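Read through the structure below, which is laid out as structure tokens, and then see the notes.
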Amino acid sequence: MPETKTSKPRTGRKAGRRHPLASVALIAIGLMFTGGAYAMFSTSTARAESDLSSQQTIDEGEKLFAANCATCHGLSAQGSGTGPSLIGVGAASVDFQVGTGRMPMQMNGPQAQKKPVQFTEEQTRALVAYVASLAPGPGLPDASLLDAQGDAAAGGELFRVNCAMCHNVAGAGGALTEGKFAPALTGVTEAHIFEAMVTGPQNMPVFNDANITPEGKRDIITYLKYLENNPSPGGFALGSLGPVSEGLFLWIFGLGAVVATTVWITAKSN
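Numbering-wise (numbering that gives the first Met the number 0), the sequence shown opens with residue 0 and increments by one.
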């Protein structure tokens with residue numbers, strides 16, 4: 000009988016060769032991870048815009064307003080003898096006043112002072128949504144303007160021209176008339192700095208886009224955060240209050256040292 004050759008079993012693909020669908024699977028996995036990361040990154044911004052227009056959030060804000068704010072500002076935020084109208088003040092004003100603890104006021108005085116915040120972030124957002132629904136007004140600032148990555152030099156020039164006469168060139172604050180004062184700007188969030196500029200709380204003037212552009216406000220925030228995050232290159236800053244504190248330091252310690260030295264020399268000679 001003739002020999003018959005035994006053929007080796009055929010394999011569908013060479014050993015170690017990648018499956019044709021592997022590349023498709025890798026691309027799909029990459030797209031899923033990329034889409035998930037983008038969704039997480041953009042969720043906060045989208046939530047901020049959607050929450051303000053949500054009727055449920057507005058209703059929650061109305062209840063909080065009636066329980067905590069209506070005594071002074073009226074049941075419909077129309078104002079009263081003890082509090083101004085909030086119709087048209089906008090979302091930015093409420094977020095600043097409530098987010099810094101200035102509202103609700105603890106006591107009557109020349110101006111509302113910063114104190115521990117009374118409401119949670121969600122409750123603050125609900126109050127913002129309710130007041131913003133009453134009439135158009137300055138909205139919440141865009142996140143791109145709050146990154147403190149602008150031009151610090153340009154921001155410093157704008158700050159010295161528009162703000163330093165009250166807040167001091169280093170943002171350390173200063174006294175005003177009738178018991179009022181310009182607060183220090185250290186430790187203030189970027190959002191609250193921007194909101195203060197567009198709403199003009201207390202004795203502060205309003206800086207709209209015609210006075211200082213949004214990019215200019217971003218530069219001012221950059222300048223203030225630069226001052227806050229960098230120590231004084233000259234050593235002890237003496238509170239950054241300028242020539243008043245420096246002169247007082249010299250009078251007390253400098254002149255005191257001269258007097259003490261004179262007394263010591265006189266005592267030694269006698």
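Cβ coordinates follow ideal geometry from the N, Cα and C atoms, glycine included.
Computed from a predicted model, the values in this text were never measured in an experiment.
- Taking one beta carbon from each stretch, the segment 57–72 and the segment 153–162 have fewer than 3 pairs nearer than 8 angstroms; the two do not touch.
- The segment 101–117 makes contact with the segment 197–214: 3 or more CB pairs, one atom from each, lie closer than 8 angstroms.
- Every candidate beta strand (DSSP E) stretch fails here, since none sits fully inside the segment 68–124 while reaching 3 residues.
- For residue 181, the three-state secondary structure derived from DSSP is strand.
- Taking the C-beta atoms as reference points, residue 133 is found nearer than 9 angstroms to residue 87.
- Short of 7 angstroms from the beta carbon of residue 97, and not among the five residues preceding or following it, lie these beta carbons of its own chain, in chain order: 118, 123 and 126.
- Ranked by Cα distance from residue 221, the options 148, 175 and 68 are led by 148.
- Of the residues assessed, residue 28 falls on the exposed side of the cut-off, its CB having fewer than 16 other CB atoms within 10 angstroms.
- Taking C-alpha positions only, residue 210 is separated from residue 179 by approximately 24 angstroms.
- When the five nearest sequence neighbours on each side are left out, the beta carbons in the same chain lying within less than 6 angstroms of the beta carbon of residue 155 are those of 222, in order along the chain.
- Rounded to the nearest whole angstrom, the CA to CA distance from residue 217 to residue 197 is 12 angstroms.
- Membership of residue 196 in the alpha helix (DSSP H) is indicated by the continuous run 189–198.
- In this structure, the beta-carbon distance from residue 106 to residue 71 does not fall below 9 angstroms.
- A Cβ-Cβ contact shorter than 9 angstroms links residue 185 with residue 227.
- Around the CB of residue 260, fewer than 16 other CB atoms lie within 10 Å, so the residue is classed as exposed.
- The criterion of a C-beta distance shorter than 9 angstroms is not satisfied by residue 157 and residue 190.
- In this structure, the beta-carbon distance from residue 140 to residue 65 does not fall below 9 angstroms.
- Here residue 257 is exposed. Its C-beta has fewer than 16 other C-beta atoms within 10 Å.
- A direct Cα-Cα distance of roughly 37 angstroms separates residue 76 from residue 168.
- In this structure, residue 166 lies away from residue 142, with their beta-carbon atoms at least 9 angstroms apart.
- Sequence-distant partners of residue 153 (beyond 5 residues in either direction) whose C-beta falls short of 6 angstroms from its own C-beta, in its chain, are 218.
- DSSP places residue 157 inside the alpha helix (DSSP H), whose first and last residues are 151–161.
- In the three-state reduction of the DSSP assignment, residue 174 falls in the strand class, which pools E and B.
- Annotation for residue 93: 126, 127 and 130 place their beta carbon closer than 6 angstroms to its own, counting only its chain and skipping 5 residues before and after.
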